[in-house]
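Those letters in the sequence shown? Residues 199 to 684, by our numbering.
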Amino acid sequence: MGIVIKQSFINTLILFLGFAIGGVNVLFLFTHFLQEDYFGLITFLLSTAIIILPLLVFGMQHTIIKFYSSYKSRQDQDSFLISTLVLPLLVIIPVGFIGSILYESISSWLSVENPMIKSYTYLIFIVAVFMGYFEVFYSWTKVQFKSVFGSFVKEIFARICTTFLLFAVYFGWLTNEQFIYAVVIVYGVRMLIMKLYAFYVYKPKLIFKIPENLKEILSFSSYIIVAGSASSILLEIDKFMIPQMEQIAQVAYYSVGVYIASVIAIPTRAMQQITSPITAKDMNENRIGEVGDLYKKTSLNLLIIGGLLFLLINCNIREVYSLIGKPEFSNGIWIVFIISLAKLVELGLGTGNAILVNSKYYKIYFYFSIAMALSVIFLNKWFIHLIGINGAALATLVVVALYSLVKVAYINAKMNIMPFNKQTIKIIIIISAVFLIFNFWSFNFHPFLNIVANSCLIIVVYSIIVKKFKVSEELSDFIINFVRKK
């Protein structure tokens, strides 16, 4: 766990910094500098690009993680990496050609409820290609266990650029329309930076050799394309469907709530950068004991850290919306609670998804993902119709909770490893108790001072309880050692 905790901790700091910059953008700059319709539009474009991203890059970002460590010679590794750059073109070129022919029909369908979408539809494809190749080059560095720089570029670079672009809109240097195009350029530059770093970390020789296990690679990639798209649908379909049923400004309100809640996902996103290749390596070497040990530790430690973030967010959420200063956005308070609960459930899964994807049972991940995608589409349509944008959040929670339990049961049945134990029950009780106490606690200060005072109190109380009940000795020892080094 040494390299896992070290790089995960650094990645977590990067993610927190990225989320802090993004928080300023989403909560204050987007809401005050950009028209709400354009805020909703850029969110829609990026979310839709994420949905089609796995298809365009042929799932190569996951294929690299799974197969790279199985090659023993440098020649085989190099030819494999080169092939991961070429194979996506077999999808991108035909899809781009077909899309250009059917562009009028596609753009008209997407813009029925909100006509402004039509003029920008083609940007979805361009951004998806930029995002896709970024992830491919990022995976190159992950398999070399060099995830920190990629995390920095992914989480901070685009957000800092967006900050400058928003100020450019505020000062009149850019129009709302020009801002949309500028964001697309930022994603293109981000991809180029990641490419240069990937070749710096490991530059393969230009070997055009068909991998001997090409059939297995294509089979895995085919499943992962659909599974990856389905996973993206789970995360992004709400922002795609809301403009089809509501005014596009509602996406802006929804996105603010989701962004706030997504802070809880920082620890797992940070840890996945390093645990995914380690899990793949252990699975390739059939070391199920090590896989199970990592499974348990990540589940517990992520729940502890995520639980604290859950409390800090939801016990201060009213003050946060007061600071935003736009009453129409406060409709997202329930969205924050529901999505943050869904994120907490995901944390409890630990490395479960990595285990499924990198095991011989990877095909079941495909079926789970398809079932989740279809379920969330159905529930979104139903719940949004019933209760508006809160329904989109509820659909996500129901699907995440149900299928997380199914995945845990499946992994246990096939490999006899389980992420939960009595410590899991302890941390769930602690989180619930602290939430019930502090959710009704409030200082009568300025909202910002309320957040600071309340947060300090929550951190102290939560930390003392977790330490007293010895929920995770490993996490406690790591924090103590880190503080002593400082």
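Cβ atoms here follow ideal geometry from the backbone N, Cα and C, with glycine treated the same way.
Please read all numbers here as calculations on a predicted model, not as lab measurements.
Item                                                                                                            : Value
Secondary structure of Arg485, DSSP reduced to three states                                                     : coil
Own chain partners of Thr241 with C-beta closer than 6 Å, once the 5 adjacent residues on each side are dropped : Lys437, Val449, Ser453
Extent of the continuous alpha helix (DSSP H) run through Ile458                                                : 447–460
Residue from Ser268, Tyr318, Phe256 with nearest C-alpha to Val293                                              : Phe256
Pairwise C-alpha distance: Tyr318 and Lys479                                                                    : 42 Å
Backbone secondary structure at Cys654 - three-state DSSP                                                       : helix
Alpha-carbon spacing of Ile263 relative to Leu404, whole angstroms                                              : 20 Å
Closest residue to Phe278 among Asn551, Lys352, Gln259 (Cα-Cα distance)                                         : Gln259
Which of helix, strand or coil DSSP assigns to Asn529                                                           : helix
Same chain, Cβ closer than 8 Å to Phe377, neighbours up to 5 away in sequence not counted                       : Leu232, Tyr236, Ile240, Leu363, Leu364, Ala366, Val367
Continuous alpha helix (DSSP H) stretch holding Ile609: start and end                                           : 587–613
Under 9 Å between C-beta atoms of Ile533 and Ile464                                                             : no
Cα-Cα separation, Asp491 to Thr549                                                                              : 10 Å
Identity of the residue in Asn610, Leu288, Val284, Ile322 nearest Ile553 by Cα                                  : Asn610
Helix, strand or coil at Lys524 according to DSSP, with G and I counted as helix                                : coil
Cβ-based neighbour list, Val669, same chain, cut-off 8 Å, excluding 5 preceding and 5 following                 : Leu498, Ile502, Gln621, Lys624, Ile625, Ile628
6 Å CB neighbourhood of Ala380 in its chain, flanking five on each side removed                                 : Leu363
C-beta atoms of Thr361 and Ile219 nearer than 9 Å                                                               : yes
Residue from Ile358, Leu254, Met329 with nearest C-alpha to Val224                                              : Ile358
Thr549 - DSSP class collapsed to helix/strand/coil                                                              : coil
Candidates Val334, Arg516, Pro441: closest to Val310 by CA position                                             : Pro441
Three-state secondary structure (DSSP) of Glu444                                                                : coil
Rounded C-alpha distance that separates Asp274 from Asn648                                                      : 58 Å
Lys558 in three-state terms, based on DSSP                                                                      : coil
With 16 other Cβ atoms within 10 Å as the buried cut-off, status of Glu526                                      : exposed
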